[in-house]
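According to my numbering, the sequence shown is numbered sequentially starting from 339. We treat Cβ as the ideally placed atom computed from N, Cα and C, and that holds for glycine. This structure is a prediction, so every number in the text was calculated from the model and none was measured.
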Amino acid sequence: MLFSSSHYSCILTFVVVFALSLSTISLAADCSRAFYSEVQNLIGKIGRCKKLASGAEFGWNYTNQTRQLKVLIGARVEAETGWLAWGLNPGPEPQMVGTRALILIKTANGSLLCGKYNVTASVKLGCTPLLPSDIDLNVTSPNCSVLGKIGYYTIQASINLPMIYNVSRLNHVWQTGDAADGAEPKMHHTSLRNFDSAEAFDLNTGKVASFVMEKRQQMRLAHGIFNIVGWGTFLPAGVIAARYFKSFPFAGRHWFPFHVGCQIIGYSLGVVGWGLGLWLGHVSKYYTFRTHRITAIFIFTFATLQMLALRLKPEKRDEYRKHWNKYHHFLGYALLVVIAYNIFKGISVLRQEEKAWRSGYAVVIAVLVSIFLGCEVYTWIRFCCLRKKGDKIPKNNEKDQDDKGLIPTGVGSSTHRQNPPSS
Ligand code: HEM
Ligand code: HEM
Ligand SMILES: *[C@@H]1O[C@H](CO)[C@@H](O)[C@H](O)[C@H]1NC(C)=O
Ligand SMILES: *[C@@H]1O[C@H](CO)[C@@H](O)[C@H](O)[C@H]1NC(C)=O
Ligand SMILES: *[C@@H]1O[C@H](CO)[C@@H](O)[C@H](O)[C@H]1NC(C)=O
Numbered sequence: 339m340l341f342s343s344s345h346y347s348c349i350l351t352f353v354v355v356f357a358l359s360l361s362t363i364s365l366a367a368d369c370s371r372a373f374y375s376e377v378q379n380l381i382g383k384i385g386r387c388k389k390l391a392s393g394a395e396f397g398w399n400y401t402n403q404t405r406q407l408k409v410l411i412g413a414r415v416e417a418e419t420g421w422l423a424w425g426l427n428p429g430p431e432p433q434m435v436g437t438r439a440l441i442l443i444k445t446a447n448g449s450l451l452c453g454k455y456n457v458t459a460s461v462k463l464g465c466t467p468l469l470p471s472d473i474d475l476n477v478t479s480p481n482c483s484v485l486g487k488i489g490y491y492t493i494q495a496s497i498n499l500p501m502i503y504n505v506s507r508l509n510h511v512w513q514t515g516d517a518a519d520g521a522e523p524k525m526h527h528t529s530l531r532n533f534d535s536a537e538a539f540d541l542n543t544g545k546v547a548s549f550v551m552e553k554r555q556q557m558r559l560a561h562g563i564f565n566i567v568g569w570g571t572f573l574p575a576g577v578i579a580a581r582y583f584k585s586f587p588f589a590g591r592h593w594f595p596f597h598v599g600c601q602i603i604g605y606s607l608g609v610v611g612w613g614l615g616l617w618l619g620h621v622s623k624y625y626t627f628r629t630h631r632i633t634a635i636f637i638f639t640f641a642t643l644q645m646l647a648l649r650l651k652p653e654k655r656d657e658y659r660k661h662w663n664k665y666h667h668f669l670g671y672a673l674l675v676v677i678a679y680n681i682f683k684g685i686s687v688l689r690q691e692e693k694a695w696r697s698g699y700a701v702v703i704a705v706l707v708s709i710f711l712g713c714e715v716y717t718w719i720r721f722c723c724l725r726k727k728g729d730k731i732p733k734n735n736e737k738d739q740d741d742k743g744l745i746p747t748g749v750g751s752s753t754h755r756q757n758p759p760s761s
């Protein structure tokens, strides 16, 4: 016999302790350690805990038999007067309107107020102030306090969950704001992080019930990348190819397939990114980013026009061709500017990983702009030198390309053969 029974029980104890500590770690890992220990102190050893999308932390303990829900919500409130809200929404969706909320208010004199509020549609419209009132939710001992160690403001409460709340799909909503006037919390910010602060989750497992919320994160990432690469990188690269490598100052032999390739790839990737944006806008039906959306529709419309123009442009000998070229080029440059604007606009919506996105795109812009400026300066130097020497400026090689039925779009076509390209 290798092991005696005492060995067995020793090993068994070890395994059990190990498994228990693993499970504690994996539970605790969903929250910061300090907050998790607070959850265990305040709402019991079997309390569960998770981080919420916008940086708040949430602990709860649910007893199925009595339908008693104990919660502890914690978040930073950085402003001098500010507020933290948490509540339940009995409606079909997790959203602001209809929420029965508990709100902690940090007042100017340093004291904390703790109240119950009905968040109605007219509050969202700004028609009525949000003031304390009775709510049809049986909340006992709501308690607001500060966790000095981690600088969190917390609301603790115990709720008898009415039957209309579905415990496997409970809509809860939270929010923080930077301003309050007495017991009245003022409007919060309107960044993505403020809009992500509602979800439906299962009280027994802690899992987020909506499939959409998880997909949304991945789609946002894809949306940003497709748009930056498509609209933000390939399209401008194609324009640079057409402007500087057509004939002057560089007579690149392969500029034309390169240009068309860039525009087609850029446009296709961009359209995919745009479609993802529309999907994102569609699933987040309680809010919109208006400027970003309108600008995006503008970009799609005019970029499509530019692409169609390739087929519809006037004949080469047509006298309208001159004007057409001007229009096509002007629209092209205007689009590039609007695209850059909307990319920054999209990035500013994010708030959380904003810095990384912004510096990533800044690198792309810096490279494109320096190529652009380099070519521009070089063009003018060449132009001036050639004129001094009285040389002829090399002819555009557009002709042989165009006769093949292909379709150049860049600057430097027949209109200004004797001039450096100008927009
Ligand atoms: C020119 C490029 C872009 C276009 C054409 C575009 C297009 C769109 C469209 C149509 C929407 C839906 C708006 C709504 O209905 O509310 C949207 C939403 C959004 N876009 Fe963009 N976008 C672009 C660039 C970016 C970039 C670079 C980022 C960030 C890295 C970004 C981040 C977002 C976010 C976070 C949303 C909201 C997602 C949500 O509602 O959950 N966008 N975009
Ligand atoms: C103090 C008064 C408040 C005002 C004036 C207000 C106003 C607004 C507005 C105008 C929007 C939509 C913005 C857009 O679509 O562009 C919004 C969204 C939102 N608010 Fe408030 N809000 C207030 C308080 C609260 C409170 C106390 C909570 C949490 C209990 C909250 C949670 C949310 C959430 C989760 C959204 C995302 C969209 C939605 O679910 O409808 N708000 N708020
Ligand atoms: C919770 O209690 C209800 C009845 O009170 C019962 O039908 C249900 O199966 C219980 N759920 C769990 C997960 O224990
Ligand atoms: C509660 O939500 C679950 C999961 O979404 C669903 O299957 C169930 O039908 C809902 N129950 C009630 C009473 O609405
Ligand atoms: C602090 O201000 C709130 C309202 O703004 C008031 O209700 C409370 O009594 C004040 N507390 C002290 C200690 O002055």
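*Can you grab the Cα-Cα spacing for the pair residue 429 / residue 509, in whole Å?*
8 Å
*Exposed or buried, residue 537, counting other C-beta atoms within 10 Å across all chains shown (16 or more means buried)?*
buried
*Quick one: is the Cβ of residue 526 within less than 7 Å of any heavy atom of ligand 2?*
yes
*asked:* Taking its Cβ as the centre, do 16 or more other Cβ atoms sit within 10 Å of residue 323, making it buried, or is it exposed?
replied: Absent from the model: residue 323. The displayed extent of the chain is 339 to 761, so no value can be given.
*Taking the Cβ atom as the reference point for each residue, do residue 541 and residue 505 lie within a distance shorter than 8 Å?*
yes
*asked:* Let me check understanding here. Comparing Cα to Cα, which of 642, 724, 375, 621 lies closest to residue 396?
replied: 375
_residue 488, enclosing beta strand (DSSP E) - first and last residue_ = Per DSSP, residue 488 belongs to no beta strand (DSSP E) and is neither H nor E.
*My guess is that residue 559 and residue 687 are in contact by the Cβ rule of under 8 Å, so how many angstroms apart are they, rounded?*
Contact doesn't hold; Cβ gap of about 13 Å is too wide.
_Applying the 10 Å Cβ sphere with the 16-neighbour rule, what's the burial state of residue 392?_
buried
*asked:* Tell me which residues share the same chain as residue 388 and place their Cβ nearer than 7 Å to its Cβ, disregarding the 5 neighbours each side in the sequence.
replied: 368, 369, 396, 544
*Helix, strand or coil for residue 655 per DSSP?*
coil
*Report the rounded CA-to-CA distance for residue 649 versus residue 656, giving the unit in angstroms.*
15 Å
_Taking contact to mean 3 or more Cβ pairs, one atom from each stretch, closer than 8 Å, check whether the stretch 711-722 and the stretch 670-680 are in contact._
no
*asked:* For residue 537, report the span of its beta strand (DSSP E) as first-last.
replied: 536-539
*Can you give me the start and stop residues for the alpha helix (DSSP H) that residue 605 sits inside?*
593-621
*Extent of the continuous alpha helix (DSSP H) to which residue 531 belongs*: 530-533
*Whose CA, out of 491, 683, 660, lies closest to the CA of residue 632?*
683
*Taking the DSSP output, what are the residues bridged to residue 397?*
387, 410
_Endpoints, the beta strand (DSSP E) within which residue 444 is located_ = 438-444
*In this structure, does DSSP put residue 630 in helix, strand or coil?*
helix
*With DSSP collapsed to three states, give me the class of residue 741.*
Note that residue 741 has pLDDT 34, beneath the 50 cutoff, so the model's placement of it is unreliable and no number is given.
*Bounding residues of the beta strand (DSSP E) (the contiguous stretch that carries residue 423)*: 420-426
*Are the stretch 593-608 and the stretch 569-581 in contact at 8 Å, needing three or more beta carbon pairs?*
yes
*Answer yes or no: does any C-beta atom of chain D fall closer than 8 Å to that of residue 533?*
Of the protein chains in the structure, only one exists, and it is not chain D.
*With hydrogens ignored, establish whether the beta-carbon of residue 503 is closer than 7 Å to any heavy atom of ligand 2.*
no
*residue 463 to residue 444, Cα distance in whole Å?*
24 Å
*Indicate whether residue 490 and residue 438 have their beta-carbon atoms separated by less than 8 Å.*
no
*Pick helix, strand or coil for residue 523, following the three-state DSSP scheme.*
strand
*For residue 575, name the three-state secondary structure that DSSP assigns.*
helix
*For residue 477, write down the residues that DSSP places opposite it in a beta bridge.*
497
*Nearest to residue 432 by CA position, among 380, 724, 546, 528, is which residue?*
546
*Relative to the C-alpha of residue 382, which residue among 398, 373, 371 is closest?*
398
*When we look at the beta-carbon of residue 408 and count the other beta-carbons within 10 Å, is it buried (16 or more) or exposed?*
buried
*Using the Cα positions of residue 518 and residue 564, report the straight-line distance between them to the nearest angstrom.*
40 Å
_Please state the DSSP three-state secondary structure of residue 454._
strand
*Identify every residue that forms a DSSP beta bridge with residue 510.*
426, 537
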